[in-house]
Amino acid sequence: MADTQSDQNIQVVHGTNGGYRQHLKSRTRACLACSDANARYQRARKILTGKVTTANLPITTVAALLEPGVDVPALLAEALTGEVLDAIEIRVAQLKGQADA
Numbered sequence: 474m475a476d477t478q479s480d481q482n483i484q485v486v487h488g489t490n491g492g493y494r495q496h497l498k499s500r501t502r503a504c505l506a507c508s509d510a511n512a513r514y515q516r517a518r519k520i521l522t523g524k525v526t527t528a529n530l531p532i533t534t535v536a537a538l539l540e541p542g543v544d545v546p547a548l549l550a551e552a553l554t555g556e557v558l559d560a561i562e563i564r565v566a567q568l569k570g571q572a573d574a
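Encoded structure:
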C-alpha cells in the first residue's frame with residue numbers, strides 16, 4: 474500500500490514508481506517499497522517492449538503447475554505481480570495481432 478511522506482520537502486508516495494523517482498530526485502535512498510515498485514514497473518515495461526521474453530518463476534511454482542487440477546491463473550497471479558501479469562497479457566495480444574496480420 475502506498476504511504477505518503479515528506480522527504481527533504483519533496484512529497485514521496487511510497488510503494489509506487491513515482492515514489493521511487495521522487496527518492497532519486499531528492500537524492501535519498503529509495504525505501505524497499507519504492508524499490509520494489511520500480512522493479513515491477515521496469516519488468517513490465519521490458520515485457521511490453523519485447524526486451525524481455527521470459528518470466529522467471531520459482532521452481533515450486535513450476536512444480537505446482539504440473540499438478541493435475543491446478544488453478545493456473547490463480548497460481549500465476551500468486552507468483553507474479555499484477556503489473557507483470559498485465560504486461561504479459563498485453564504482449565501476448567500484441568504478438569497474436571502480428572501473427573494474424
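If you count by our numbering, then the sequence shown holds residues 474 to 574, one letter each, in order. Idealized CB from N, CA, C, for every residue including glycine. Bear in mind the structure is a predicted one, so any value in this text is a computation, not a measurement.
Nearest-angstrom Cβ-Cβ length linking residue i and residue j, presumed shorter than 8 Å
{"i": "residue 557", "j": "residue 528", "result": "7 Å"}
{"i": "residue 559", "j": "residue 512", "result": "In fact, because the Cβ distance is near 15 Å, the residues do not count as touching under 8 Å."}
Simplified DSSP assignment, three categories, for residue i
{"i": "residue 490", "result": "helix"}
{"i": "residue 565", "result": "helix"}
{"i": "residue 525", "result": "coil"}
Check whether residue i and residue j have beta carbons under 8 Å apart
{"i": "residue 503", "j": "residue 490", "result": "no"}
{"i": "residue 526", "j": "residue 552", "result": "no"}
{"i": "residue 523", "j": "residue 507", "result": "no"}
{"i": "residue 521", "j": "residue 494", "result": "no"}
{"i": "residue 486", "j": "residue 496", "result": "no"}
Environment of residue i [buried if 16+ CB atoms lie within 10 Å]
{"i": "residue 555", "result": "exposed"}
**OP:** Enumerate, from N- to C-terminal direction, the unbroken alpha helix (DSSP H) stretches of 4 or more residues contained entirely within the region 504 to 550.
**Re:** 505 to 522 and 532 to 538
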